[in-house]
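*Asks:* Below: one structure in structure tokens.
Set out below in structure tokens:
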């Protein structure tokens, strides 16, 4: 069960006191056409990188707000977990990166016709961002512009 | 922190016209941050789609998420609890 009791006491106290950013107003972009005609892109915060890509930086104060591009034809088994957090169990997503970056499942959904298509690129973040100002001001808008340019209709976002 | 990060990215995508659905692992964080469209899953951190090497189970979660995108009756912020299908 995903709740605070998973964490050690110091982490629980931090999370209890943390000033969570409240999205207000909540933006809303309903789908404009049937799912079977829509292009989907994944956004994962599991800290995955491809071989040769720069790992996420665990030492940036407030967190690493950068993101990596993961091409749609990636062999999911080649993804490397560089997430810095030791507050969760990495075993499952290392055994099967689809658990946090479900690109094989997306291809299957496109093949079955449930969704229209899988975008040619996807975005990988590392989620341990305690100071998200730069994420909100710079990297998230940049990520959104990429996906708008690609003609993406919808995104699935997967935290760990 | 991961839950907040993807929620903030989701909000930016929606502002730029892209529909989103975000998996969420901590209900109380999702209630505070308010991603536009969220599916709360009853799985431990590190396991957002359930079990590794379980395509059927992963597809069940993804299908629930896709249905949120299709549901024209929902109003933001949407936070729905995932109910695993009974086998």
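Chains as they are written, first to last, in the numbering used here: chain A, 244 to 403; chain B, 10 to 96. Where is the CB? At the ideal position from N, CA and C, for every residue including glycine.
Does residue 285 of chain A have its Cβ less than 8 Å from a Cβ in chain B?
*Replies:* For the purposes of this step, residue 285 of chain A is taken as the residue at position 42 of the first chain. Chain B contact via Cβ: absent.
*Asks:* Reducing DSSP to helix, strand and coil, say where residue 272 of chain A ends up.
*Replies:* In the first chain, the residue the question calls residue 272 of chain A occupies position 29. Of the three classes helix, strand and coil, the one that applies to residue 272 of chain A here is coil, per DSSP.
*Asks:* How far does the beta strand (DSSP E) with residue 254 of chain A in it extend, from its first residue to its last?
*Replies:* If you number the first chain from 1, residue 254 of chain A lands on position 11. Here residue 254 of chain A belongs to no beta strand (DSSP E); instead the alpha helix (DSSP H) covers 252-260.
*Asks:* For a quick check, are the C-beta atoms of residue 325 of chain A and residue 397 of chain A less than 8 Å apart?
*Replies:* In the first chain, counting from the first residue as 1, residue 325 of chain A sits at position 82. In the first chain, counting from the first residue as 1, residue 397 of chain A sits at position 154. No, these two residues do not count as a Cβ contact at 8 Å.
*Asks:* Is the shortest distance between the beta-carbon of residue 360 of chain A and the beta-carbons of chain B less than 8 Å?
*Replies:* Numbered from 1 along the first chain, position 117 holds the residue referred to as residue 360 of chain A. Chain B contact via Cβ: absent.
*Asks:* Name the residue from B:65, B:79, B:53 and B:49 whose alpha carbon lies nearest to the alpha carbon of residue 334 of chain A.
*Replies:* Reading the first chain from its first residue, position 91 is the one you call residue 334 of chain A. Ranking the options by Cα distance to residue 334 of chain A, first place goes to B:53.
*Asks:* For residue 28 of chain B, write down the residues that DSSP places opposite it in a beta bridge.
*Replies:* Within the second chain, numbered from 1, the residue matching residue 28 of chain B stands at position 19. According to DSSP, which records beta bridges pairwise, residue 28 of chain B is partnered with A:397.
*Asks:* For a cutoff of 8 Å on Cβ pairs, would you count residue 307 of chain A as touching chain B?
*Replies:* Taking the first residue of the first chain as position 1, residue 307 of chain A is located at position 64. For residue 307 of chain A, the answer is no, since every Cβ of chain B falls outside 8 Å of its Cβ.
*Asks:* Taking 8 Å as the threshold (C-beta atoms), are residue 399 of chain A and residue 310 of chain A in contact?
*Replies:* As a first step, residue 310 of chain A must be located in the first chain, where it is residue number 67. As a first step, residue 399 of chain A must be located in the first chain, where it is residue number 156. Taking 8 Å as the Cβ cut-off, residue 310 of chain A and residue 399 of chain A do not qualify as a contacting pair.
*Asks:* Closest to residue 271 of chain A by CA distance: which of B:85, B:94, B:92 and B:42 is it?
*Replies:* As a working note, residue 271 of chain A is residue 28 in the first chain. Comparing Cα positions, the closest option is B:85.
*Asks:* Chain B partners of residue 248 of chain A, CB-CB under 9 Å?
*Replies:* Here residue 248 of chain A refers to the residue found at position 5 of the first chain. Per Cβ cutoff of 9 Å: no residues; residue 248 of chain A is ~10 Å from chain B at best.
*Asks:* For the stretch 294-301 of chain A against the stretch 313-330 of chain A, are there 3 or more C-beta pairs whose distance is under 8 Å?
*Replies:* Yes, since at least three Cβ pairs between the stretch 294-301 of chain A and the stretch 313-330 of chain A fall closer than 8 Å, the two stretches touch.
*Asks:* Whole angstroms are fine: how far does the CA of residue 38 of chain B sit from the CA of residue 314 of chain A?
*Replies:* Here residue 314 of chain A corresponds to residue number 71 of the first chain, with the count starting at 1. Here residue 38 of chain B corresponds to residue number 29 of the second chain, with the count starting at 1. One C-alpha to the other measures close to 30 Å.
*Asks:* Of all the residues that make up the stretch 379-390 of chain A, which are near chain B by a beta-carbon distance shorter than 8 Å?
*Replies:* Answer in chain order: 379, 383, 384, 386, 387, 388 and 390.
*Asks:* Using beta carbons (cut-off 8 Å, strictly below), is residue 14 of chain B in contact with chain A?
*Replies:* Reading the second chain from its first residue, position 5 is the one you call residue 14 of chain B. Judged by the 8 Å Cβ criterion, residue 14 of chain B is in contact with chain A.
*Asks:* Give me the DSSP bridge partner(s) of residue 87 of chain B.
*Replies:* Looking up residue 87 of chain B in the second chain gives position 78. According to DSSP, residue 87 of chain B bridges with B:46.
*Asks:* Report the residue from A:348, A:341, A:375 and A:352 whose alpha carbon sits nearest the alpha carbon of residue 291 of chain A.
*Replies:* Taking the first chain and counting its residues from 1, one reaches residue 291 of chain A at position 48. Closest option to residue 291 of chain A, Cα to Cα, is A:341.
*Asks:* With DSSP collapsed to three states, give me the class of residue 283 of chain A.
*Replies:* As a working note, residue 283 of chain A is residue 40 in the first chain. It is a strand residue.
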